[in-house]
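Enquirer: Below is one structure. I have some questions about it.
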Amino acid sequence: MATLIPAIGACKSRMTGGERRLAERFEEKFEDDYLCWYDVSIGDKTRHPDFVVFHPSRGLLVLEVKDWKLTTIQSIDKQSVVLSTDHGLKHELNPLEQARQYMYVITSKLERDPQLVWPSGSLKGKPAFPYGHGVVLANIDRKQFDEHNMENVLPSHLVICKDEMTPSVDAEAFQKRLWDMFPYKFTRKLSLPQIDRIRWHMFPEIRIPAQADMFADSGQKEIEIPDVLRVMDIQQEQLARSLGEGHRVIHGVAGSGKTLILGYRAEHLAKMCQRPILVLCYNKTLAAKLASTLAAKGLQDKVNVVNFHAWCVRQLKAYNVGTPPNDSGIDAFFEACVDKVIRSVDQKLIPSAQYDAVLIDEGHDFKAEWFKLVVQMIHPDTNSLLVLYDDAQSIYNGPEKRRFSFSSVGVQAQGRTTILKLNYRNTAEILAVARAFADDLLSAKDTEEDQAPIVQPMSTGRHGPKPLLIKFPKLSSEIEYLADRLASANKMGMPWNQMAVIYRHYGIGKEVAQLLSRKGVPFEWQQDKKKSFDPNHDSVKIVTMHSSKGLEFPVVCIPGVGATGPNAESAEEEARLLYVAMTRATHELVMTHGEESVIAEKMGKAMGALDTI
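155 is the number that UniProt numbering gives to position 155 of the sequence shown; each next residue is one higher, with no gaps.
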C-alpha cells in the first residue's frame, strides 16, 4: 500500500470526490515503496499540485484532478478552459498546462543539485530520474473522451479517465496508465540519500536544521545545498502533515523527532489560527530553545512558548489575581501559583478558552491536575491539543508520580495516538549503552488503552565512536580530563557550542565552571543568574541533567556518574536522569566517575553492550 501524505483520513474532508477516489486507488493499487503527496505546497511559493507521486525507480509524476463533466466544459484549448458554473462562465488554465508548470517548478529546483542530475552525456544537467505530468478526469470516461476528440488538447496517454480508476481496475493496468505519462524511462533506482535530497528540495518545511546551524552566529551564512541533508523520515512527515483537528498524543522515544513535529505543527497552526497558540513544556531551558527556534521562523507574535510554572505566574499577573507569598522556597511558591490559577479559572477570575491550540512537550512530566487546567485553555471552536510523551524520560516528582489515563484528565487520546520508536539522535553505540543501562525503565508495562506506554527505542544504524566510562581517584581529576577533551575537540574543529557538560549536583557544576574558567574555555552555566541562558552563544553549555531534556549536542561529557548528593533520588529516578543525559549526545559520549556506587556499577555492566556492535 502506498504512503499517502497527509494520511487519507486527515484530508478526506477537503478532497473532491475525484481526488478521494484517486487517493483510494493509490492505497489499493500501489506497492509500499510509492509515496503520494496530496495538496502539499512545493518549494517556497506555496504552489499546490493536487498529487505528486514518487517511486524510486519509476520517477516523479505531477497529477491534476478535475471533477468536470462534459456538460460543464464550454470550450477548451491547449492553454485554457471555459467552464459553466452556477456563478456564470469561469476561465481556468488547461489542467495539463497547470501540471506541466508545477513539474517545471520541481525540476528547476532539483537541477541545481549536482547529486540529482546526470553528470555527462546528452542528458547532462537534467534530473537523473524520470519525471512527467498528467491529468485525471474523474467524471469523464474514456468513451466520452474519445467521442469528443479531447485528445486534440489533452493527449490521450497523459489522461486517466473515470472508468480507469474504479475499485475493480487491475493494479498493473492502473499503474501502466500512470507510467505511460513519462516521456522516457530509466533502469536505475534512486538511493535513499537521493530520495531524501529530492524531499529536501521540494518541501523546505520538513528540513531538519543541523545542530551547528541551530547554535551558529546569526551572521554566519548557510551553505546553499549541504553535502549531507537531513529531513523528517516518512513517518514523521506523514504524522506532521496529518495532525488534524481535536486532541493528538505522540508517544516517542528520546531522539525520535517529537519536538521537531511540534515545531512543524506550531508553524502550520500559526498560519490558520486567529487566537494565540500556546506551547508548554516543563523545564525552562527547553522553553528557551523552543522559543528561539520559533522566533527564527517569525512566529513569536502568534506562538507563546513558556514553561508551565512561568505560564501560571503570567496568568496570575495578567488578570490581576495576585501571586501567593514567596516565603517558603521557590518550589513551594510555584506549586502555590499552580493551585491559585486552578482555583481562579474555576471562579472565572481567569478566563478559559484563551488559545486556539495548545501544544505540550514533555507531557510525561505533567501532573493530572495540570492537564485538567490546560485542556480548559483551548477554545472549543478549534479544540486543538497536541501532547508529546516519553515515559522513560519522566524525571520529575519522583515517587509522587501517579499513572493516570488521559481520558481522566480531559485528553481525548483513544484512537488519536501515534508511537515513534526510531531514535535518530544517537549513534548505535550510544543508544546500545543507554538501553542496556535503562533496561528496567524501558521494559514493557501493562497500560490502559489511553495511558502512555513504555516504548523501546530502535536505532537507525548510524555509527560513531564508542562511549567511554573512565574511573578517576577524585572529582577534580575527572573534570580536568573532560576539560582537556573539550579543548582538544575544539582544536580539531568542533565549535564550543556543540559541546555540553551535563551534571547531577550543584557542587559538580560549580567545579566544572571554575576549571573551565581557569583554562580559558568559554562556557555558559545555567546557575549564572546575571545573564539569561543563550543557546546561540558559542560556548560550552554546562547544564543539569534535569534541564538537559529536549536538548542535544554532538559531544556530551558527564562527570560524577553515580556520585551522591544532598538531593539524591531513588535508584530508579537517578537512572532516569542519567538515561536522559546520555541520550543528549548525538555523536560522542564521555562519562567519568570516582566513588563506587550502584549507578556506576550498573553503567559499567551496560558498557558490555558495545561488544554486540
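Yeah, the Cβ is synthetic: ideal placement off N, Cα and C, and Gly gets one too.
1) I need the straight-line Cα distance from F472 to L290, nearest angstrom please.
2) What separation, rounded to the nearest whole angstrom, lies between the Cα atoms of G9 and R188?
3) On the three-state DSSP scale, how would you describe V253?
4) Following the continuous alpha helix (DSSP H) through I470, name the residue where it begins and the one where it ends.
5) For K348, count neighbouring C-beta atoms within 10 Å of its own C-beta (all shown protein chains included) and say buried if the count is 16 or more, exposed if not.
6) Please name the residue or residues paired with L61 in a DSSP beta bridge.
7) Please report how far the alpha carbon of D39 lies from the alpha carbon of D180, in whole angstroms.
8) For G88, list the residues DSSP reports as bridge partners.
9) Taking its Cβ as the centre, do 16 or more other Cβ atoms sit within 10 Å of N320, making it buried, or is it exposed?
10) Nearest-angstrom Cα distance between L475 and Y389?
11) Is the Cβ-Cβ distance between D113 and R58 less than 8 Å?
12) Could you tell me the alpha carbon to alpha carbon distance between A483 and F129, rounded to whole angstroms?
13) CB-CB under 6 Å to K541, same chain, minus the five flanking residues each way: which ones, in chain order?
14) Taking the alpha helix (DSSP H) that L359 belongs to, which residues open and close that run?
15) Measure the C-alpha to C-alpha separation of Q414 and P56 and round it to an integer number of angstroms.
16) Should N139 and W68 be called a contact, given that it needs their Cβ atoms to be closer than 8 Å?
17) Just verifying my parser: in three-state terms, what is the DSSP assignment at A266?
18) Compute the distance between the beta-carbons of K109 and W118, then report whether it is under 8 Å.
19) Kindly indicate which three-state DSSP category G398 falls into: helix, strand or coil?
20) For a test of the three-state rule: what should DSSP assign to G604, helix, strand or coil?
21) Which ranges does the beta strand (DSSP E) cover as unbroken runs of at least 3 residues, wholly within the stretch 157-216, from first to last along the chain?
22) Residue 623 by DSSP, collapsed to three states: which one?
23) So the beta strand (DSSP E) E524 belongs to, where does it begin and stop?
24) Among A368, F366, P351 and R14, which has the Cα closest to the Cα of I378?
25) Quick one: any contact between the stretch 424-434 and the stretch 577-589, if contact means 3 or more CB pairs under 8 Å?
26) Assuming contact is defined by CB atoms lying nearer than 8 Å, are I599 and V543 in contact in what I supplied?
27) From what residue to what residue does the alpha helix (DSSP H) around E27 run?
28) Given this structure, state the Cα-to-Cα distance separating A368 from S408, to the nearest angstrom.
29) Just to confirm, is the Cβ distance from A575 to F437 under 8 Å?
30) Reducing DSSP to helix, strand and coil, say where N149 ends up.
31) Within its chain, find whatever has a CB closer than 6 Å to the CB of R314; leave out the 5 residues flanking it on each side and keep chain order.
32) Within the same chain, show all residues whose beta-carbon is closer than 6 Å to that of A571, passing over the 5 residues directly before and after it, in chain order.
33) DSSP state of L589, grouped into three classes?
34) Using a Cβ-Cβ cut-off of 6 Å (strictly less than) and excluding sequence neighbours within five positions of L89, which residues of its own chain qualify?
35) Determine which residues share a DSSP beta bridge with L35 and list them.
36) Mind reading off the beta-carbon distance from Y282 to D163? Whole number of angstroms is fine, and I expect it under 8 Å.
Expert: Considering the structure as presented:
1) Reading the sequence shown from its first residue, position 472 is the one you call residue 472. Reading the sequence shown from its first residue, position 290 is the one you call residue 290. If you take the alpha carbons of F472 and L290, they lie about 37 Å apart.
2) For the purposes of this step, residue 9 is identified with residue 9 of the sequence shown, where counting begins at 1. For the purposes of this step, residue 188 is identified with residue 188 of the sequence shown, where counting begins at 1. Distance between the alpha carbons of G9 and R188 is about 34 Å.
3) For the purposes of this step, residue 253 is identified with residue 253 of the sequence shown, where counting begins at 1. Here V253 sits in coil by DSSP.
4) Here residue 470 corresponds to residue number 470 of the sequence shown, with the count starting at 1. Counting along the chain, I470 falls outside any alpha helix (DSSP H), though it belongs to the beta strand (DSSP E) covering L468 to K471.
5) Residue mapping note: residue 348 aligns to position 348 of the sequence shown, counting from 1. K348 should be labelled exposed.
6) Position 61 of the sequence shown, counting from 1, holds the residue named residue 61. According to DSSP, which records beta bridges pairwise, L61 is partnered with V53 and G132.
7) Within the sequence shown, residue 39 is the residue found at index 39, counting from 1. Within the sequence shown, residue 180 is the residue found at index 180, counting from 1. Going from the Cα of D39 to the Cα of D180 covers about 23 Å.
8) On the sequence shown, residue 88 is found 88 positions in, with the first residue counted as 1. Bridge partners of G88: T85.
9) In the sequence shown, the residue the question calls residue 320 occupies position 320. The residue in question, N320, is exposed, as its Cβ has fewer than 16 Cβ neighbours within 10 Å.
10) For the purposes of this step, residue 475 is identified with residue 475 of the sequence shown, where counting begins at 1. For the purposes of this step, residue 389 is identified with residue 389 of the sequence shown, where counting begins at 1. Those two C-alpha atoms are separated by around 35 Å.
11) As a first step, residue 113 must be located in the sequence shown, where it is residue number 113. As a first step, residue 58 must be located in the sequence shown, where it is residue number 58. No. Outside cutoff.
12) Looking up residue 483 in the sequence shown gives position 483. Looking up residue 129 in the sequence shown gives position 129. Their Cα atoms are separated by approximately 50 Å.
13) The residue you call residue 541 lines up with position 541 of the sequence shown. For K541, where only same-chain residues beyond five positions count, the Cβ hits under 6 Å are A500 and E524.
14) For the purposes of this step, residue 359 is identified with residue 359 of the sequence shown, where counting begins at 1. From DSSP, L359 is part of no alpha helix (DSSP H) but of the beta strand (DSSP E) over A357 to I360.
15) Stepping through the sequence shown from its first residue, residue 414 is reached at position 414. Stepping through the sequence shown from its first residue, residue 56 is reached at position 56. Q414 and P56: Cα-Cα distance of roughly 36 Å.
16) As a working note, residue 139 is residue 139 in the sequence shown. As a working note, residue 68 is residue 68 in the sequence shown. For N139 and W68, yes; Cβs fall inside 8 Å.
17) Position 266 of the sequence shown, counted from the first residue, corresponds to residue 266. Reduced to three states, the DSSP call for A266 is helix.
18) The residue you call residue 109 lines up with position 109 of the sequence shown. The residue you call residue 118 lines up with position 118 of the sequence shown. Taking 8 Å as the Cβ cut-off, K109 and W118 do not qualify as a contacting pair.
19) For this step, residue 398 is matched to residue 398 along the sequence shown. Here G398 scores only 49 on pLDDT, less than 50, and its place in the model should not be relied on; the value that follows carries that caveat. Of the three classes helix, strand and coil, the one that applies to G398 here is helix, per DSSP.
20) Taking the first residue of the sequence shown as 1, we reach residue 604 at position 604. G604: helix per DSSP, three-state reduction.
21) 159-161
22) Here the chain has residues from 1 to 613 only, and residue 623 is not among them.
23) Taking the sequence shown and counting its residues from 1, one reaches residue 524 at position 524. Its beta strand (DSSP E) spans residues F523 to W525.
24) Working through the sequence shown from its first residue, we reach residue 378 at position 378. Residue P351 is the option with its Cα nearest to I378.
25) yes
26) Against the sequence shown, residue 599 aligns to sequence position 599. Against the sequence shown, residue 543 aligns to sequence position 543. Result no, Cβ atoms of I599 and V543 do not sit closer than 8 Å.
27) The residue labelled residue 27 in the question sits at position 27 within the sequence shown. Unbroken alpha helix (DSSP H) run through E27: G17 to K29.
28) Numbered from its first residue, the sequence shown carries residue 368 at position 368. Numbered from its first residue, the sequence shown carries residue 408 at position 408. Near 8 Å, if we compare the C-alpha coordinates of S408 and A368.
29) Indexing the sequence shown from 1 puts residue 575 at position 575. Indexing the sequence shown from 1 puts residue 437 at position 437. Yes; because the gap between Cβ atoms is below 8 Å, this pair is in contact.
30) For the purposes of this step, residue 149 is taken as residue 149 along the sequence shown, with counting starting at 1. N149 falls in the coil class under three-state DSSP.
31) By 1-based counting over the sequence shown, the position of residue 314 is 314. Result list for R314: empty, nothing under 6 Å.
32) Indexing the sequence shown from 1 puts residue 571 at position 571. Cβ neighbours of A571 beyond the five flanking positions: V598.
33) Along the sequence shown, one-based indexing puts residue 589 at 589. Of the three classes helix, strand and coil, the one that applies to L589 here is strand, per DSSP.
34) Locating residue 89 in the sequence shown gives position 89, where the first residue counts as 1. Excluding sequence neighbours, L89 sits near V82.
35) The sequence position of residue 35 within the sequence shown is 35, counting from 1. For L35, which the question treats as bridged, DSSP gives the partners T3 and F54.
36) The residue labelled residue 282 in the question sits at position 282 within the sequence shown. The residue labelled residue 163 in the question sits at position 163 within the sequence shown. Their Cβ separation, rounded to whole angstroms, is 57 Å, which puts Y282 and D163 out of contact at 8 Å.
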